[in-house]
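Structure first, commentary second.
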Amino acid sequence: MAKISVVGSCSMDLVVTSKKRPLAGETVLGESFKTVPGGKGANQAVAAARLGAEVKMIGRVGDDHFGEAILHNLKINGVHTGYVEPVTGMESGTAHIVLAEGDNSIVVVKAANDEVTPAYIDKALEALKASDMVLIQHEIPEETVAYVSEICAKYKIPLLLNPAPARSIEQSIIEKAAYITPNQHEAAILFGGTSVAEVLRKYPNKLFVTEGSNGVRYFDGHQEVLIPAYKVEAVDTTGAGDTFNAAFAVALAEGKPLAESVKFGNRAASLSVMKFGAQGGMPTRQEVEENLK
Ligand code: ATP
Ligand code: RIB
Numbered sequence: 334m335a336k337i338s339v340v341g342s343c344s345m346d347l348v349v350t351s352k353k354r355p356l357a358g359e360t361v362l363g364e365s366f367k368t369v370p371g372g373k374g375a376n377q378a379v380a381a382a383r384l385g386a387e388v389k390m391i392g393r394v395g396d397d398h399f400g401e402a403i404l405h406n407l408k409i410n411g412v413h414t415g416y417v418e419p420v421t422g423m424e425s426g427t428a429h430i431v432l433a434e435g436d437n438s439i440v441v442v443k444a445a446n447d448e449v450t451p452a453y454i455d456k457a458l459e460a461l462k463a464s465d466m467v468l469i470q471h472e473i474p475e476e477t478v479a480y481v482s483e484i485c486a487k488y489k490i491p492l493l494l495n496p497a498p499a500r501s502i503e504q505s506i507i508e509k510a511a512y513i514t515p516n517q518h519e520a521a522i523l524f525g526g527t528s529v530a531e532v533l534r535k536y537p538n539k540l541f542v543t544e545g546s547n548g549v550r551y552f553d554g555h556q557e558v559l560i561p562a563y564k565v566e567a568v569d570t571t572g573a574g575d576t577f578n579a580a581f582a583v584a585l586a587e588g589k590p591l592a593e594s595v596k597f598g599n600r601a602a603s604l605s606v607m608k609f610g611a612q613g614g615m616p617t618r619q620e621v622e623e624n625l626k
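Pasting the structure below:
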């Protein structure tokens, strides 16, 4: 069983569906409102656990009702929560999502997720050292991402950096990560001024650019490869990237070849977009394998 540690955010998603996305200064009437578990870290942890990995979440929640619900959700999905400590007197992270016109718009309030500090990471060092793969994203402080990248380099643990949401980062983090998985927008910010084709060549078998319903692009050392996405009826694409990252990581940690791992990631992600909510459609191992046949 692949041992995966996820260092990242745990949030509650507050999701409004609406026919129209409001413009600045405009009010529109929505259709529904739902509260569902989210946060890129927790999403990736849940996706990896459903795919059969042994998963440890390293993150923080607030000491509020959302924090309790987030912890409960991780536990019922089989994620180890011993390294998810509530922060006293602080609120849990929230993501304020509008689903409209076939896409999402998201405002994230990090709150307790900002307390995933380097000092906090030290408490989880043993978990990191025992991992086959570590996953990290950008909804926690950048200094923590840098710190975890140093730990992974020191102990030779492959680090998968999902640089979402977009921000530019130190070159040393890019060098230390084993795999980097931006979407096209994040790639433009990360490698500003350089074309995708150029950066893919610079980081063969390391940089994987996700292109939504188009699939995933990388350079295999000889040529640029596009592994196409599966054609499905998309209901909600929130969390597609998280599902791809988790599935890709699980497959790699199990020793699957690169192209096969991307394909596994695409399949899991395509199933995830067929249901509402970031975690609502995240498939089990059996569902992915049946669909891959
Ligand atoms: P999000 O932030 O919404 O979680 P993202 O922008 O990080 O997603 P995308 O590039 O949109 O990531 O999608 C990640 C992967 O999910 C794609 O490479 C693809 O495999 C799958 N995917 C996304 N959208 C679709 C879709 N409409 N149909 C099939 N597969 C999809
Ligand atoms: O990647 C999807 C996630 O990003 C959502 O669950 C939301 O929490 C946002 O942070």
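Its first residue numbered 334, the sequence shown is counted upward by one per residue in my numbering.
The beta carbon of each residue, even a glycine, is placed where N, CA and C say it ideally should be.
Option in the options with minimal Cα separation from residue i
i, options, result
"N446", "G371, I502 and D436", "G371"
"A444", "S344, F552, A611 and L585", "S344"
"V349", "E448, M607 and D569", "D569"
"A521", "A511, V542 and E503", "V542"
"Y512", "T527, G526, C485 and E531", "C485"
"T477", "G613, G614, S342 and A335", "S342"
"M334", "K608, Q612, G588 and P498", "G588"
"E483", "M390, T527 and P451", "P451"
"I507", "L494, A499 and Q612", "L494"
"Q504", "H518, Y536, K336 and I473", "Y536"
"E635", "Y551, K336, H518 and T514", "Because the chain in this structure spans residues 334 to 626, residue 635 falls outside the shown range and cannot be described."
"F552", "T514, V481 and A586", "T514"
"Q612", "V481, A573 and A586", "A573"
Rounded Cβ spacing between residue i and residue j (contact assumed at less than 8 Å)
i, j, result
"M466", "P491", "5 Å"
"R534", "A433", "That belief does not hold up - the Cβ atoms of R534 and A433 are roughly 37 Å apart, past 8 Å."
"T386", "N410", "This sequence places Ala at residue 386; Thr is not what is there. With a Cβ gap of about 11 Å, A386 and N410 do not count as contacting."
"V369", "V388", "The Cβ separation is near 19 Å, so there is no contact."
"L591", "N538", "6 Å"
Spatial neighbours of residue i in its chain, beta-carbon cut-off 7 Å, leaving aside the 5 residues before and after
i, result
"V442", "G426 and T427"
"S603", "A562, Y563 and V565"
"L404", "V394, T414 and V417"
"N624", "R600 and L604"
"A530", "E557"
"L540", "I513, V532, L533 and Y551"
Nonlocal neighbours in the same chain, by C-beta distance under 8 Å from residue i, ignoring five residues either side
i, result
"L384", "A579, A580, V583, A601, P616, T617, R618 and V621"
"Y488", "L461 and K462"
"P351", "In the sequence as presented, Pro is not what sits at residue 351; that position holds Ser. Hits under 8 Å: V361, L362, G363, E364, V431, L432 and A433."
"K608", "V568, D569 and G614"
"E593", "A584"
"H518", "A499"
"I473", "V340, G341, S342, G374, G392, K443, N446, D447 and V449"
"G422", "D396"
Local Cβ density within 10 Å of residue i, reported as buried at 16 or more and exposed below that
i, result
"H555", "exposed"
"F597", "buried"
"V361", "exposed"
"L407", "buried"
"L468", "buried"
"K373", "buried"
"A457", "buried"
"V340", "buried"
"D575", "buried"
"A510", "buried"
"G435", "exposed"
"H471", "buried"
"G525", "exposed"
"G358", "exposed"
"F366", "exposed"
"T527", "exposed"
"L523", "buried"
Whether residue i touches residue j by CB criterion (8 Å)
i, j, result
"F577", "N547", "no"
"V420", "G395", "yes"
"E475", "I502", "yes"
"S605", "S464", "no"
"S545", "T571", "Strictly speaking, residue 545 in this sequence is Gly, with Ser absent from that position. No. Outside cutoff."
"M390", "A378", "yes"
Cβ shell of residue i (< 6 Å), same chain only, five flanking positions each side left out
i, result
"I430", "D346, V348, N437 and I439"
"V595", "V549 and I560"
"D397", "E424 and S425"
"F399", "M345 and S425"
"E401", "none"
"P498", "H471"
Near the ligand COA: residue i beta-carbon under 7 Å from a heavy atom
i, result
"N599", "In terms of ligand content, the structure shown lacks the ligand COA and carries the ligand ATP and the ligand RIB instead."
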